[in-house]
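Novice: Counting from 2, one number per residue, gives the positions in the sequence shown under the working numbering. Each residue gets a CB set at the ideal place from its N, CA and C atoms; glycine is no exception. Questions regarding the structure given below will be posed in turn.
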Amino acid sequence: MHIRIFRHYIHMPYLLAAFAELVTISAAAYTGHFTRFGMFPDFFEHLPFAITFAVVQSFFMAAMGVYEARLREGFLGVLLRLAVAMFLLGTLGMAVILFFATGLSDGRGVLFFSTIEAFAAVAVLRWLTYRFISEDILKNRVLIFGTGERALKIASRMRRRSDRRGFILVGYLQPDDTVDLVSEYAANILPYPNQPLVEFCKDQAIDEIVIATDERRADDPGAAALPFDELVDCRLSGIHVCEIQTFVEREAAKLDVDLLQRSWLVYSEGFVTGWYRAATKRAFDIIVAGGLILLTLPFMLLTALAVLIGDRFSGPILYRQQRVGVNGEVITVMKFRTMIVDAEESGAVWAQHDDPRVTRVGQFLRRARLDELPQLFSVLSGKMSMVGPRPERPVFVDYLADQLPFYEQRHRIKPGITGWAQLCHPYGASVADAKEKLQYDLYYLKNHSILLDLIIILQTIEVVLVGEGAR
2 MHIRIFRHYI HMPYLLAAFA ELVTISAAAY TGHFTRFGMF PDFFEHLPFA ITFAVVQSFF
62 MAAMGVYEAR LREGFLGVLL RLAVAMFLLG TLGMAVILFF ATGLSDGRGV LFFSTIEAFA
122 AVAVLRWLTY RFISEDILKN RVLIFGTGER ALKIASRMRR RSDRRGFILV GYLQPDDTVD
182 LVSEYAANIL PYPNQPLVEF CKDQAIDEIV IATDERRADD PGAAALPFDE LVDCRLSGIH
242 VCEIQTFVER EAAKLDVDLL QRSWLVYSEG FVTGWYRAAT KRAFDIIVAG GLILLTLPFM
302 LLTALAVLIG DRFSGPILYR QQRVGVNGEV ITVMKFRTMI VDAEESGAVW AQHDDPRVTR
362 VGQFLRRARL DELPQLFSVL SGKMSMVGPR PERPVFVDYL ADQLPFYEQR HRIKPGITGW
422 AQLCHPYGAS VADAKEKLQY DLYYLKNHSI LLDLIIILQT IEVVLVGEGA R
C-alpha cells in the first residue's frame with residue numbers, strides 16, 4: 002500500500018505512523034510540563050513549544066531511518082535508533098533552538114521530562130505499529146503473471162520478508178506451455194485457471210497482477226502471449242495491473258537494467274528536468290551547501306591540521322582528482338587527502354576494504370565523511386549538486402559504459418556529494434556493485450524532486466553518524 006508524492010513512492014502505513022507519532026510527541030510536550038510542575042499548561046500558550054518539539058524530534062527520527070520501509074532491523078534495533086534520534090540529536094537540536102528562543106519553553110526541566118515521556122510513548126506506539134504493519138491486512142495481495150526469466154527477478158531478489166513489507170506474494174501464475182524457472186526458489190506455482198482470470202483473482206482476493214511474462218519472439222514459440230481481454234476485465238473490476246519494471250521500481254526503489262527497455266524510458270512518467278526543477282535544485286544546493294560550510298568550517302580547519310600532523314607535514318592537505326560530471330564534462334573534485342602520497346602511481350584502482358594506501362588519519366576521515374567536505378565548494382560553484390549520482394573517474398566511466406547498459410544516462414544530471422545509490426547500496430568495488438548502484442541512480446534520475454533530495458539528505462545524517470558505507 003503506497004502513496005506517490007512528487008513521483009517518489011512512500012509506504013502508506015509508515016506515513017500514517019509518522020503522523021501518529023508526531024501527534025504523540027506533541028502530547029508529550031504537555032505531559033512533560035505536567036510532570037515538571039504538577040499542572041497542565043495553557044494549551045495555546047504551550048502550543049509553539051509542543052509543535053517545535055514534535056517537528057524537531059520527528060526530523061531526527063526520520064534522519065535515523067526509523068520510517069524506512071526496507072529497514073531490516075528488529076524492534077530493538079529500531080529502539081536504539083529512536084534513542085539516538087530523540088535523546089542525542091533531538092535534545093541537542095532543541096537546546097540550540099531554545100538558546101535563541103528563550104521564551105519558547107518553561108525551562109530545561111520541561112524539555113527533559115518531555116523527551117523521556119515522548120520516547121516512552123513513541124516506543125510503545127512504534128511496537129504496536131511494528132506489529133500492526135506486519136499484519137497481512139495492510140498488504141496488497143500480488144499475483145505474478147509468468148514463471149520465466151522476468152519473473153525470476155522477483156523470485157530471486159525478493160525472498161526476504163523485509164523485501165516484501167508492502168505486499169503478499171500469492172504465487173506465480175504459469176501460462177500454458179511456458180517454462181518454469183522460479184520453482185527453484187520455492188515459489189508457489191499456480192497453473193492457469195480453467196475459470197475466467199477475473200473470477201480466479203476474486204476467489205484469491207488478488208489486489209494486483211504483475212505482468213512478468215518473457216517477450217514473445219519469432220524463434221521462441223514457448224513465450225507466453227498475454228490474455229489482454231481477461232486482463233482488461235481484471236483492470237475494470239478494480240484489480241490493479243502493472244508490468245514488472247514498475248513493480249520493481251515501486252517495491253525496491255530502483256530500475257532493473259536487465260528489464261529496462263529504451264521504449265520504456267521514452268514513454269514512462271518521470272525523467273523530467275525543466276527550468277523550474279533546475280532552479281529549485283540550484284537554490285536548494287546553495288542554501289544547504291552554504292549553511293554546511295558555515296557549520297563545518299571549524300571541522301575543516303581541524304581536519305586540515307590532522308592531515309598535516311598525520312603525515313608529519315610532508316604532504317598536501319587536499320587531493321584533486323578528475324571526475325565525470327553532467328553531460329560527460331570532466332570536472333576536478335577536491336577531498337581532504339586520506340591516502341599516502343603517490344597512492345596511484347601504478348594506475349587507478351577501485352577502493353577496497355582495509356586499503357593499505359589509506360593513512361591512519363585517513364581511515365577516521367573516511368568513516369566520519371570529513372574527507373568529503375571540500376566538495377561543498379564544488380556545489381557552490383555549480384559543478385556538483387548536494388544530491389545526485391556520485392561522480393566517477395573517467396577511466397572507470399569508459400570501462401563501465403562498455404559493460405553496463407544505460408550507464409551513461411546517469412550523467413544526465415549533476416553528480417552529488419551524496420545520493421540515492423549511496424544510501425541503498427553503500428559499497429562499490431566491482432562491476433556487479435556498479436550495476437547495482439546504477440539501478441538506484443536511474444531511479445533517482447527518473448524520480449528526483451525536492452522531496453527525494455530532502456529524504457536523501459536526512460538519511461545521510463544516519464550514514465555519517467554510524468559510518469555505514471564508509472570506505
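1) As a quick exercise: from Ala430, Gly239 and Arg283, pick the residue whose alpha carbon is nearest that of Phe397.
2) Rounded to whole angstroms, what's the CA-CA distance from His9 to Ala254? Just pull it up for me.
3) Could you say which of Thr92, Phe114, Leu48 and Gln58 lies nearest to Gly39 if we only look at CA atoms?
4) Between the beta-carbon of Ala206 and the beta-carbon of Leu126, is there less than 8 Å?
5) Hey, His426 and Lys438: beta-carbon distance below 8 Å or not?
6) Is DSSP giving Phe146 helix, strand or coil here?
7) How would you label Tyr441, buried or exposed, when you count the other beta carbons within 10 angstroms and need 16 or more for buried?
8) Give the list of continuous alpha helix (DSSP H) stretches no shorter than 4 residues that lie fully inside the region 286–367.
9) Compute every distance between the C-beta of Ala51 and the non-hydrogen atoms of the ligand MG, then say whether any falls below 7 Å.
10) Could you check what DSSP says for Tyr10 in three-state terms: helix, strand or coil?
11) Per DSSP, Ile456 is paired with what?
12) Within 10 Å of its beta-carbon, does Tyr408 have 16 or more other beta-carbons around it, so buried, or fewer, so exposed?
13) Take the Cβ of Ala30 as the centre, count every other Cβ of all protein chains shown within 10 Å, and call the residue buried at 16 or more, exposed below.
14) Under the three-state reduction of DSSP, which class applies to Gln175: helix, strand or coil?
15) When burial is assigned at 16 or more other CB atoms within 10 Å of the CB, is Gly1 buried or exposed?
16) Please report the distance separating the alpha-carbon of Val242 from that of Arg236.
17) Specify the secondary structure class of Ile169 as computed by DSSP and reduced to three states.
18) Out of Glu185, Tyr400, Pro406 and Val180, which one is the CA nearest neighbour of Pro192?
19) Around the C-beta of Thr281, are 16 or more other C-beta atoms found within 10 angstroms, so that it is buried, or is it exposed?
20) Fully enclosed by the region 4–53, which beta strand (DSSP E) runs are 3 residues long or longer?
21) Grab me the residues of Ile462's own chain with a C-beta within less than 6 Å of its C-beta, minus the 5 sequence neighbours each way, in chain order.
22) Let me know if Val85 comes out buried or exposed under the rule of 16 or more other beta-carbons within 10 Å of its beta-carbon.
23) Run through DSSP, which three-state label would Ser59 get?
24) What residues match up with Asp192 in a beta bridge as DSSP calls it?
25) Below 8 Å on the Cβ atoms is my guess for Leu182 versus Thr130; work out the distance and round it to an integer in Å.
26) Counting only the same chain and skipping the five closest in sequence on each side, list residues whose C-beta sits under 8 Å from that of Val327.
27) Would you please verify whether the beta carbon of Ile117 is less than 8 Å from any beta carbon of chain D?
28) Between the alpha carbons of Glu69 and Ile240, how many angstroms are there, rounded?
29) Enumerate in chain order the residues of its own chain whose CB-to-CB distance from Ser184 is below 7 Å, with the five nearest sequence positions on each side excluded.
30) Quickly, what does DSSP pair Thr247 with across the bridge? List them, please.
31) Should the region 55–62 be regarded as contacting the region 77–96, the criterion being three or more beta carbon pairs within less than 8 Å?
32) Going by the beta-carbon positions, is the gap between Met62 and Leu77 smaller than 8 Å?
33) For Thr281, which three-state DSSP category applies?
34) Taking the alpha carbon of Glu150 as the reference point, which residue from Met301, Thr214, Trp265 and Val359 has its own alpha carbon closest?
35) Taking the DSSP output, what are the residues bridged to Ile210?
36) Under the rule that 16 or more other beta-carbon atoms within 10 Å means buried, what is Gly329, buried or exposed?
Specialist: Reading from the atomic positions:
1) Here residue 397 corresponds to residue number 396 of the sequence shown, with the count starting at 1. When each option's Cα is compared against that of Phe397, the closest is Ala430.
2) Position 8 of the sequence shown, counted from the first residue, corresponds to residue 9. Position 253 of the sequence shown, counted from the first residue, corresponds to residue 254. Cα-Cα distance, rounded: 9 Å.
3) As a working mapping, residue 39 is identified with position 38 in the sequence shown. When each option's Cα is compared against that of Gly39, the closest is Phe114.
4) Locating residue 206 in the sequence shown gives position 205, where the first residue counts as 1. Locating residue 126 in the sequence shown gives position 125, where the first residue counts as 1. Between Ala206 and Leu126, the C-beta gap is not smaller than 8 Å, which leaves the two residues out of contact.
5) Residue numbering aside, residue 426 sits at position 425 when the sequence shown is read from its first letter. Residue numbering aside, residue 438 sits at position 437 when the sequence shown is read from its first letter. Contact flag set, yes.
6) Walking along the sequence shown from the start, residue 146 turns up at place 145. Per DSSP, reduced to three states, the secondary structure at Phe146 is strand.
7) Taking the first residue of the sequence shown as position 1, residue 441 is located at position 440. Buried.
8) The qualifying runs do not exist here; there are none.
9) The model depicted lacks the ligand MG and carries no ligand whatsoever.
10) On the sequence shown, position 9 is the one that residue 10 refers to. In the three-state scheme derived from DSSP, where H, G and I count as helix and E and B as strand, Tyr10 is classed as strand.
11) Walking along the sequence shown from the start, residue 456 turns up at place 455. DSSP lists no partner for Ile456.
12) Within the sequence shown, residue 408 is the residue found at index 407, counting from 1. Taking all protein chains in view, the Cβ of Tyr408 is crowded by 16 or more other Cβ atoms within 10 Å, so the residue is classified as buried.
13) Numbered from 1 along the sequence shown, position 29 holds the residue referred to as residue 30. Flag for Ala30 reads buried.
14) In the sequence shown, counting from the first residue as 1, residue 175 sits at position 174. DSSP places Gln175 in strand when its eight states are reduced to three.
15) In the structure as shown, the chain begins at 2 and stops at 472. Residue 1 is therefore absent and cannot be evaluated.
16) In the sequence shown, counting from the first residue as 1, residue 242 sits at position 241. In the sequence shown, counting from the first residue as 1, residue 236 sits at position 235. Put simply, the backbone Cα of Val242 is about 6 Å away from that of Arg236.
17) The count along the sequence shown starts at 1 and reaches residue 169 at position 168. Assigned with DSSP and collapsed to three states, Ile169 falls in strand.
18) Along the sequence shown, one-based indexing puts residue 192 at 191. Out of Glu185, Tyr400, Pro406 and Val180, Val180 has the C-alpha closest to the C-alpha of Pro192.
19) Along the sequence shown, one-based indexing puts residue 281 at 280. That one is exposed.
20) Correct list: 9–12.
21) Taking the sequence shown and counting its residues from 1, one reaches residue 462 at position 461. So the qualifying residues of the chain are Ala64.
22) Working through the sequence shown from its first residue, we reach residue 85 at position 84. So Val85 counts as buried.
23) One-based indexing of the sequence shown puts residue 59 at position 58. Reduced to three states, the DSSP call for Ser59 is helix.
24) Against the sequence shown, residue 192 aligns to sequence position 191. Reading off the sequence, residue 192 comes out as Pro, not Asp. Under DSSP, Pro192 takes part in a beta bridge, and its partners are Gln175.
25) Along the sequence shown, one-based indexing puts residue 182 at 181. Along the sequence shown, one-based indexing puts residue 130 at 129. Contact between Leu182 and Thr130 fails: their C-beta atoms lie close to 37 Å from each other, not under 8 Å.
26) If you number the sequence shown from 1, residue 327 lands on position 326. Counting only Cβ-Cβ distances below 8 Å, and skipping sequence neighbours, we find His412, Arg413, Ile414, Lys415 and Pro416.
27) Among the chains of the structure shown, chain D does not appear; only one protein chain is present.
28) What you label residue 69 is simply residue 68 of the sequence shown in a count that begins at 1. What you label residue 240 is simply residue 239 of the sequence shown in a count that begins at 1. The alpha-carbon separation between Glu69 and Ile240 amounts to approximately 27 Å.
29) What you label residue 184 is simply residue 183 of the sequence shown in a count that begins at 1. Spatial neighbours of Ser184 in its own chain (CB-CB distance under 7 Å, excluding positions within 5 residues in sequence) are listed in chain order as Ile190.
30) Position 246 of the sequence shown, counted from the start, is the residue given in the question as residue 247. Answer by DSSP bridge pairing: none, since Thr247 is not bridged.
31) In short, these stretches touch, since the Cβ pair count reaches three.
32) Within the sequence shown, numbered from 1, the residue matching residue 62 stands at position 61. Within the sequence shown, numbered from 1, the residue matching residue 77 stands at position 76. Taking C-beta atoms as the reference points, Met62 and Leu77 fail to come closer than 8 Å.
33) What you label residue 281 is simply residue 280 of the sequence shown in a count that begins at 1. Looking at Thr281 - three-state DSSP - the assignment turns out to be helix.
34) Translated into positions along the sequence shown, residue 150 becomes position 149. Nearest option by C-alpha distance: Thr214.
35) Here the question's residue 210 lines up with position 209 in the sequence shown. Checking the DSSP bridge columns, you'll see Ile210 partnered with Leu144 and Val242.
36) Residue mapping note: residue 329 aligns to position 328 of the sequence shown, counting from 1. Looking at its Cβ environment, which holds fewer than 16 other Cβ atoms inside 10 Å, Gly329 is exposed.
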